[in-house]
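Here's the structure we're looking at; comments come further down.
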Amino acid sequence: MQNDSNKLPPKVLAISSGKGGVGKTNVVANVACALSRKGKKVLIFDADMGLNNIDILLGLASPYHIGHVFSGEKTIEDVLVDGPRGIKVLPASNGWQDLTRLDSDKKLLLMEEMDRISGDFDFLLFDTGAGISSNVTYFCSAAHDIVLIATTEPTSHTDVYALMKVLFQNHQQKRFRLIVNAVKNEREALEVYKRLSAVLDRFLGGVVLEYMGFIVHDPNVSKAVRQQKPFVELYPHSKVSQCIEMLTQRILKERNKIPTDSDQPFVWRSVLQI
């Protein structure tokens, strides 16, 4: 793969949640497709290393996964899968428990491999696991932006707060973005944002949570999941696809807000935790 020295490095987004079942992987898949539809080259990294999700959601099949890269059997190019709209997917393993906590050697290898191929992409999306494991905090710390997915459920708020707390106290992360999923309207999403912001102001001074957008509850989402297709492809004019479009426009507008230090071609160099 070629690396154009005049090209900006990829914008790296870690999409996380603290809690499973909030639609995080679905958001990743559909944002990726929307970005690709606008001519951007996108790589999705299924960063829930021990349990593959993104390839199943998109109906993809591959005989290889990230575990084969760590074992030295395959390169990343061998493992990458073609997804809809030309996106590339780096699949996770399925049931490899030793990948749920990366050691120093695996982190170093991963950094080197991602550095090598990063020049081919405009965006790199980490679909992290749920919770506050070391893998989750590692991938969040390795991104330009940490995008958190929440719903209206109180448990979702508690777990998002817990993730921000760990990333702030243990990894010096102070800035987070919020997308509120499966809401009736934007007013409901803003109520969630205000509630979380108030808790942060009270207990985690110095942490900034920015409202990024909302995604409405739409029965087309579950229909698309059953068909293993992105809803932006199957139902492009639906309300939920319009929400993804607004989020994508915001992401594109902020594309250039990344470090341009030539000594750090990839963000991992400044955050590698080994």
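Numbering (numbering that gives the first Met the number 0), first residue to last: 0 to 273. Ideal placement from N, C-alpha and C gives every residue a C-beta, glycine not left out.
Do you know offhand how far VAL27's Cα is from ILE243's? In the sequence shown, the residue the question calls residue 27 occupies position 28. In the sequence shown, the residue the question calls residue 243 occupies position 244. Their backbone Cα atoms lie some 10 Å apart in a straight line.
Using the C-alpha atoms, what's the distance from SER133 back to TYR63? Walking along the sequence shown from the start, residue 63 turns up at place 64. Walking along the sequence shown from the start, residue 133 turns up at place 134. Approximately 24 Å, taken between the alpha carbons.
Going by DSSP, name the residue or residues bridged to TYR210. Looking up residue 210 in the sequence shown gives position 211. Paired residue(s): LEU177.
Expected contact under 8 Å - CB spacing of ASP126 and LYS228 to nearest Å: On the sequence shown, residue 126 is found 127 positions in, with the first residue counted as 1. On the sequence shown, residue 228 is found 229 positions in, with the first residue counted as 1. With a Cβ gap of about 17 Å, ASP126 and LYS228 do not count as contacting.
Tell me SER15's beta-bridge partners as DSSP assigns them. In the sequence shown, residue 15 corresponds to position 16, counting from 1. Answer is LEU147.
Proximity to VAL68 [Cα-Cα], best of GLY205, VAL41, LYS222 and MET48: Locating residue 68 in the sequence shown gives position 69, where the first residue counts as 1. Here the closest residue by C-alpha is MET48.
Mind reading off the beta-carbon distance from VAL88 to ASP119? Whole number of angstroms is fine, and I expect it under 8 Å. By 1-based counting over the sequence shown, the position of residue 88 is 89. By 1-based counting over the sequence shown, the position of residue 119 is 120. No, VAL88 and ASP119 are not in contact; Cβ-Cβ is about 14 Å, not under 8 Å.
How many Å lie between THR150 and ILE116 at the Cα? Within the sequence shown, numbered from 1, the residue matching residue 150 stands at position 151. Within the sequence shown, numbered from 1, the residue matching residue 116 stands at position 117. In a straight line, the C-alpha of THR150 is about 34 Å away from that of ILE116.
Identify, in the order they occur along the chain, each residue of the same chain with its Cβ nearer than 6 Å to the Cβ of SER196, setting aside the five sequence neighbours on each side. Indexing the sequence shown from 1 puts residue 196 at position 197. Scanning its chain for C-beta atoms nearer than 6 Å, with the 5 sequence neighbours on each side dropped, one finds around SER196 the residues LEU208, in chain order.
If we require 4 or more residues per run, which alpha helix (DSSP H) segments fall completely within the region 98-168? Fully enclosed alpha helix (DSSP H) runs of 4 or longer: 103-116 and 133-140.
Am I right that VAL30 and LEU246 are in contact with their C-beta atoms under 8 Å? What's the rounded C-beta distance? Here residue 30 is taken as the residue at index 31 of the sequence shown, counted from 1. Here residue 246 is taken as the residue at index 247 of the sequence shown, counted from 1. At roughly 6 Å, the Cβ-Cβ gap stays under 8 Å, so VAL30 and LEU246 are in contact.
If you drop the 5 nearest sequence neighbours on each side, which residues of the same chain put their C-beta closer than 8 Å to that of ASN52? Position 53 of the sequence shown, counting from 1, holds the residue named residue 52. The beta carbon of ASN52 sits closer than 8 Å to those of THR24, ASP45, ALA91 and ASP126, all from its chain and outside the five residues before and after it, given in chain order.
Would you check if there are 3 or more beta carbon pairs closer than 8 Å linking the region 173-188 to the region 214-223? These segments touch.
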